[in-house]
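Heads up, the thing below is written out as structure tokens.
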Amino acid sequence: LIVMSAPTAPPRVLTIAGSDSGGGAGIQADLKTMLALGVHGMSALTAITAQNSVGVQNFWPLPIEAVEQQFRSVVDDIGVDAVKTGMLASPELTSAVARLIGTLDPRIPVVVDPVSVSKHGDPLLAPEALDALRDELLPRATVVTPNLDEVRLITGLDVRGEDEMASAAEALLVLGPRWVLVKGGHLAAEPESVDLLVGSDGTSEWLRAPRHDNRHTHGTGCTLASAIASRLALGDDVPSAVRAAKEYVTGGIAAGFPLGAGIGPVDHGW
Ligand code: PLP
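Have a look at this one:
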């Protein structure tokens with residue numbers, strides 16, 4: 002006789018983000034990451050993109066009401082243990098998402114990936130949305146994960162080296178997130194991918210990983226932020242979650258594969 006015990010539910014993680022029809026970034030990357038890390042992934046879609054390995058051909062933001070109702074449907078019945086935000090497209094959607102997150106228990110961790118421009122240079126956030134991101138969403142962020150382009154858009158600082166990464170992290174902390182992870186992957190001169198995690202409690206930590214000679218890195222930002230949210234939902238503290246997420250995305254980049262004529266996706270099955 003085999004006695005089966007009732008399965009227990011995994012932690013629940015909600016991504017509030019855009020879709021990528023090519024399956025490499027956005028909510029598709031988020032849900033793959035969540036599956037790989039052993040949490041239950043849920044989504045509130047903010048925008049639909051038509052995109053592939055060569056770029057984003059078009060996108061359509063969804064009505065505010067659609068985002069609000071997806072959020073309420075999920076939160077009111079299933080509940081959430083961590084939230085990740087990605088592409089927010091417009092000032093109205095950015096404000097609406099900040100407002101919705103403001104209704105959650107303040108202990109629920111929120112990872113904000115301030116998605117603004119794709120690797121191909123396609124805009125994913127209207128410039129007029131930066132004020133709402135800075136003033137409404139970042140104060141509620143547990144962790145914000147800008148790359149160097151996003152650092153420049155949010156703070157005006159042009160980061161060219163590690164010293165400047167530290168000043169940028171301090172400038173971002175002033176906006177109210179508990180932790181800032183400045184991603185230095187775009188510092189082309191560095192032999193390593195160097196990120197800096199700084200906390201409002203005064204702690205800081207450099208994270209270094211080998212730079213893989215692989216251009217198939219579509220979806221790395223979404224993947225990293227979702228991995229952080231997943232690990233937080235599983236009970237990690239922020240530095241541990243960020244270390245585990247960096248390891249996950251580094252493995253994903255090493256295994257990133259060609260697809261289409263352009264930049265292929267980070268892998269999730271390595
Ligand atoms: N599409 C969506 C919906 C995204 O959220 C993002 C990035 O966050 C991208 C595309 C761009 O991905 P990448 O810059 O890795 O190519």
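Here the sequence shown stands for residues 2 to 271, where the numbers follow the UniProt record's numbering.
The C-beta atom is built at its ideal place from N, Cα and C for all residues, glycine as well.
| said: Tell me the DSSP secondary structure of E206 in three-state form. | reply: Walking along the sequence shown from the start, residue 206 turns up at place 205. Residue state, collapsed to three classes: strand.
| field | Sheet register partners of S54 (DSSP bridge) | value | Stepping through the sequence shown from its first residue, residue 54 is reached at position 53. According to DSSP, S54 bridges with nothing at all.
| message | I need the straight-line Cα distance from G177 to I3, nearest angstrom please. | response | For the purposes of this step, residue 177 is identified with residue 176 of the sequence shown, where counting begins at 1. For the purposes of this step, residue 3 is identified with residue 2 of the sequence shown, where counting begins at 1. So the alpha carbons of these two residues sit roughly 53 Å apart.
| said: Nearest by alpha-carbon distance to D150: which of N53, G186, L138 and L15 is it? | reply: Working through the sequence shown from its first residue, we reach residue 150 at position 149. Of N53, G186, L138 and L15, the residue nearest in Cα terms is G186.
| Collapsed DSSP secondary structure at S117 in the structure displayed | Counted from its first residue, the sequence shown places residue 117 at position 116. It is coil, neither helix nor strand.
| field | Nearest-angstrom Cβ-Cβ length linking A226 and P12, presumed shorter than 8 Å | value | Within the sequence shown, numbered from 1, the residue matching residue 226 stands at position 225. Within the sequence shown, numbered from 1, the residue matching residue 12 stands at position 11. Incorrect: roughly 16 Å between the Cβ atoms, too far for contact.
| So, using beta-carbon positions, are P115 and I79 closer together than 8 Å? | The residue given as residue 115 occupies position 114 in the sequence shown. The residue given as residue 79 occupies position 78 in the sequence shown. No, they are not a contact pair.
| query | Would you call the region 20-31 and the region 40-48 touching, i.e. three or more CB-CB distances under 8 Å? | reply | A contact exists between the region 20-31 and the region 40-48.
| query | For R93, which residues of its own chain have a beta-carbon under 7 Å away from its beta-carbon, when the five flanking residues on both sides are left out? | reply | Taking the first residue of the sequence shown as position 1, residue 93 is located at position 92. The residue asked about is misnamed: residue 93 is Glu in this sequence, not Arg. Around E93: I65.
| Does at least one heavy atom of the ligand PLP sit under 7 Å from the Cβ of H217? | Working through the sequence shown from its first residue, we reach residue 217 at position 216. Outside the cutoff, so no.
| In chain order, what residues of the same chain have a beta carbon less than 7 Å from the beta carbon of R141, not counting five sequence neighbours either side? | Stepping through the sequence shown from its first residue, residue 141 is reached at position 140. Only A99, I102, G103 and V111 meet the Cβ criterion.
| query | Okay, do the region 157-176 and the region 116-133 touch, 3+ Cβ pairs below 8 Å being the bar? | reply | no
| field | Classification of H217 by the beta-carbon crowding that lies within 10 angstroms, buried from 16 upward | value | The residue given as residue 217 occupies position 216 in the sequence shown. Result: buried.
| field | Same chain, Cβ closer than 6 Å to residue 274, neighbours up to 5 away in sequence not counted | value | There is simply no residue 274 to check, as the chain begins at 2 and stops at 271 in what is shown.
| Taking just the CA atoms, how far does G236 sit from A228? | Along the sequence shown, read from residue 1 onward, the residue named residue 228 stands at position 227. Along the sequence shown, read from residue 1 onward, the residue named residue 236 stands at position 235. So the alpha carbons of these two residues sit roughly 13 Å apart.
| query | Is the number of C-beta pairs between the region 60-76 and the region 242-261 that are closer than 8 Å three or more? | reply | no
| query | Starting from S194 and walking both ways along the beta strand (DSSP E), at which residues does that stretch end? | reply | Within the sequence shown, residue 194 is the residue found at index 193, counting from 1. Unbroken beta strand (DSSP E) run through S194: E193 to G200.
| request: Spatial neighbours of L208 within its chain, please: CB distance less than 6 Å, with the 5 preceding and 5 following residues excluded, ordered by chain position. | output: Start at 1 with the first residue of the sequence shown, and residue 208 comes out as number 207. Excluding residues within five positions, the ones whose Cβ falls inside 6 Å are D196 and K247.
| field | Check whether V81 and L15 have beta carbons under 8 Å apart | value | Here the question's residue 81 lines up with position 80 in the sequence shown. Here the question's residue 15 lines up with position 14 in the sequence shown. In this structure, L15 lies closer than 8 Å to V81 by Cβ.
| field | Residues bridged to L126 (per DSSP) | value | For this step, residue 126 is matched to residue 125 along the sequence shown. DSSP lists A90 as partners of L126.
| query | What are the boundary residues of the alpha helix (DSSP H) that T218 is part of? | reply | Taking the first residue of the sequence shown as position 1, residue 218 is located at position 217. Unbroken run through T218: none, as it is neither H nor E.
| How would you label D31, buried or exposed, when you count the other beta carbons within 10 angstroms and need 16 or more for buried? | Position 30 of the sequence shown, counting from 1, holds the residue named residue 31. So D31 counts as buried.
| How many Å lie between S201 and P211 at the Cα? | Mapped onto the sequence shown, residue 201 falls at position 200. Mapped onto the sequence shown, residue 211 falls at position 210. Rounded to the nearest whole angstrom, the C-alpha separation of S201 and P211 is 28 Å.
| field | Which listed residue (A10, G25 and Q71) has its alpha carbon closest to that of A51 | value | As a working mapping, residue 51 is identified with position 50 in the sequence shown. When only C-alpha atoms are compared, the closest one is G25.
| field | P140 (DSSP reduced to helix, strand or coil) | value | If you number the sequence shown from 1, residue 140 lands on position 139. Reduced to three states, the DSSP call for P140 is helix.
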